[in-house]
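These notes are about the structure you will find just below.
There are 2 protein chains.
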Amino acid sequence: MKFNQVVQQRIDAWNEVSLAFGPLLLGESDDWATARRNYANHQAQHPTPAGVSVQEIHMAEVPATMVTPQEVINDRAMLYIHGGGYVAGSPSGYHGIAGNYAKLLNARVYMPDYRLAPQHPFPAAIEDTLAAYRWLLDQGIAPDSIVFSGDSAGGAMTVSVMVAAKREGLPLPAAGAALSPWPNLEHSGASMLTRDGIDPTVNLAGLNLMAKAFLNGTPKSDPDASPIFADVRGLPPILVHIGEREVMLSDAMRLAAHLGENRVRVTLEVWPDMFHVWHLFAAELPEGRKALERAAAFLDESLKAPC
Amino acid sequence: MKFNQVVQQRIDAWNEVSLAFGPLLLGESDDWATARRNYANHQAQHPTPAGVSVQEIHMAEVPATMVTPQEVINDRAMLYIHGGGYVAGSPSGYHGIAGNYAKLLNARVYMPDYRLAPQHPFPAAIEDTLAAYRWLLDQGIAPDSIVFSGDSAGGAMTVSVMVAAKREGLPLPAAGAALSPWPNLEHSGASMLTRDGIDPTVNLAGLNLMAKAFLNGTPKSDPDASPIFADVRGLPPILVHIGEREVMLSDAMRLAAHLGENRVRVTLEVWPDMFHVWHLFAAELPEGRKALERAAAFLDESLKAPC
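From first to last, the protein sequence lines stand for chains W and P. When we follow numbering that gives the first Met the number 0, the leftmost residue of the first sequence carries the number 0, and every step to the right adds one. When we follow numbering that gives the first Met the number 0, the leftmost residue of the second sequence carries the number 0, and every step to the right adds one.
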């Protein structure tokens, strides 16, 4: 499939800003700040929809961004967990996805700026995101008015932070939507080989470097790092979105199967021709917009009905 | 989970009428007609929704039942392929599901009364259903106004008849919904063991007997008998519904994965607590009604918009 020129140019630009991470992860360079800033600035080029306001806040100790639509129903809130392979990405690159979600769900969207590897390896990202969720609950927002979503590493954390919350005895949110999740750091899914080179933005070699930086010696099969191995019993309904061109295709399907085997209500959607986190392209690609609409509809079903 | 008394009684009655097939399949009895009649009569107790008419017709050489709602949009048609392990079941038992679909989709629902094993083993059922589809096309109904759905053996045929149609060069329908499909006669999915005895209506021993009668020596892995092995490239969007208590859970998830790996747009929904073809219980169980509504919404998205 040929994408239109705007989409193709953004994919090319994504690859350009991603290239800088290779030398950093290999220890041949150390200017993480510049590479991360360029990456976030690239992502921020996806437009923020009209009619939302953006504020920098703190969720307990964790810096965060809150995106607010014109109308919020019932104190509804989404915890959105951005991607970036646990080494890059920041809320500033996700005003587009968050703004779309905020309008579609009439919910405030909270994006924690969790700590990144290799400076802050596993489990820092999960700890910070769990702290942000605990802070949301401490504000008095009912758990059945809260949903999680996230992409890539954040798609895995959509599940792993719920598992951590369950272990801590916290009430669970109403539902979750894992967009192009990276749920298995063992990379044992067949598509890691069959889609390598076909996924236009992610490749196996890059994922191996990021996984190593994040894990810092923790086993790849640690259930908090790879939720396909986690005790997911009792989790709320989960939607998994995965593109058919993605290297993560097989592992995302395995995540859905693992959830289903463990009595979690799960919906898996495989989108032909789509690539890693095509939801970022909601403004440029009809499938991006449509995918966010479907994710919002799935989450909306589990949220408390308006009083 | 305890079901309400009406549902539990019907499950018990289903098991009662199913028991008769054991001696038949083992060759210890030969009154197939009575067993099949009792089975169909039991299924016919699920109520037919108001506002549909039911006619016996022929689709070419194949006897069939047509269910018509008060309003039909754009000549829309569904080919509904009933279940019954390839040895039992008939359209007379499916006026409920067909009537619900007819009203939800504003479509005529056609149910071929395909030949059954062991009298007519593989591939008779698939040949008859394919002939019925060819007849629908011959009536001048546009393929993009046609959808397939089916349950259990008919859920597998929802895919295998599309594969056969593709092989014959026929145009494909707009979409399909496989309800609790039985897609792998090798029975290699883990849930064949982990859910045996938990699925309240189907068990592995019974499936093995029915598969043997149907296959009549054909290998279990024949792609027309077990569509998890079929060449499914180019198929239209497919929805897979499976209950989390079903022995077919793992194989249904494998069907979804196989479709996704082969670039088919696929949605898999795993429903906690649900059992084999709970859609039959649309009148008695809220989840049955809800599942048919979701299947209809999925199919509707792919059908030609009203002119």
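Here a beta-carbon is modelled for each residue, glycine too, at the ideal position from N, C-alpha and C.
Residues in its own chain within less than 7 Å of V6 of chain W by CB, not counting five upstream and five downstream? F280, E283 and L284
Taking 9 Å as the threshold (beta carbon to beta carbon), is D272 of chain W in contact with chain P? yes
Indicate whether at least one CB of chain P lies closer than 9 Å to the CB of L248 of chain W. yes
Can you say whether H57 of chain W is buried or exposed, counting buried as having 16 or more other CB atoms within 10 angstroms of its CB? exposed
Quick check on the burial criterion: 16 or more other C-beta atoms within 10 angstroms. Buried or exposed for T33 of chain P? exposed
Quick check on A173 of chain W - is its C-beta less than 9 Å from some C-beta in chain P? no
To which residues of the same chain is H278 of chain P closer than 8 Å at the C-beta, ignoring the five residues directly before and after it? I96, D150, L178, S179, H240, G287, A290, L291 and A294
Could you check which residue in W:T200, W:L78 and W:I80 has the C-alpha nearest to that of Q8 of chain W? W:T200
So V51 of chain W packs on T67 of chain W, CB below 8 Å; how close in whole Å? 6 Å
What does a CB cutoff of less than 7 Å around P122 of chain W pick up in its chain, not counting 5 residues either side in sequence? D223
Helix, strand or coil at S159 of chain P [DSSP, three-state]: helix
From R253 of chain W to A255 of chain P, what does the alpha carbon distance come to, in whole angstroms? 11 Å
Which residue wins for smallest C-alpha separation from L206 of chain W, given the options W:H119, W:H275 and W:E243? W:H275
Neighbour flag for I241 of chain W against chain P, beta carbons, 9 Å: yes
Using 10 angstroms around the beta-carbon of R264 of chain P, count the other beta-carbons present and answer buried if the total reaches 16, otherwise exposed. buried
Which residues share a DSSP beta bridge with V53 of chain P? P:V66
Check whether the Cβ atoms of S144 of chain W and L248 of chain W lie closer than 9 Å to each other. no
Measure the Cβ-Cβ separation of P182 of chain P and A251 of chain P and say whether it is below 9 Å. yes
Between the alpha carbons of L234 of chain W and G168 of chain W, how many angstroms are there, rounded? 13 Å
At which residues does the beta strand (DSSP E) containing D299 of chain W begin and terminate? Run containing D299 of chain W: none in the beta strand (DSSP E); it sits in the alpha helix (DSSP H), P285 to S301.
Keeping to the same chain, check which residues put their C-beta closer than 7 Å to that of A19 of chain W; ignore five residues upstream and five downstream. A34 and N37
Going residue by residue through the stretch 193 to 276 of chain W, where are the continuous alpha helix (DSSP H) segments of at least 4 residues, counting only ones entirely within it? 203 to 214 and 248 to 260
For N101 of chain W, which of helix, strand or coil comes out of DSSP? A quick correction: the sequence has Ala, not Asn, at residue 101 of chain W. Looking at A101 of chain W - three-state DSSP - the assignment turns out to be helix.
By Cβ distance below 6 Å, which residues in the same chain neighbour E268 of chain W in space, the five residues on each side in sequence not counted? H240
Please report how far the alpha carbon of P170 of chain P lies from the alpha carbon of A163 of chain P, in whole angstroms. 11 Å
Taking the continuous alpha helix (DSSP H) assigned at R36 of chain W, which residues delimit it? W31 to Q42
Any C-beta of chain W under 9 Å from that of S187 of chain P: no
Distance cutoff 9 Å, beta carbons only. Does E268 of chain P sit that close to anything in chain W? yes
Can you name the residues of chain P whose CB is closer than 7 Å to the CB of R262 of chain W? E243 and P271
Can you grab the Cα-Cα spacing for the pair R114 of chain P / D137 of chain P, in whole Å? 21 Å
Limits of the alpha helix (DSSP H) - the one that V5 of chain W falls within: Q4 to L18
According to DSSP, simplified to helix, strand and coil, what is A116 of chain P? coil
From the beta carbon of S148 of chain W, is the nearest beta carbon of chain P less than 9 Å away? no
Taking the alpha-carbon positions, what's the P111 of chain P to D272 of chain P distance? 31 Å
Chain P contact residues for M161 of chain W, given Cβ-Cβ distances below 9 Å: Within chain P, no residue comes near M161 of chain W; the closest Cβ sits about 16 Å away, beyond 9 Å.
According to DSSP, which residues form a beta bridge with F147 of chain P? P:L78 and P:G175
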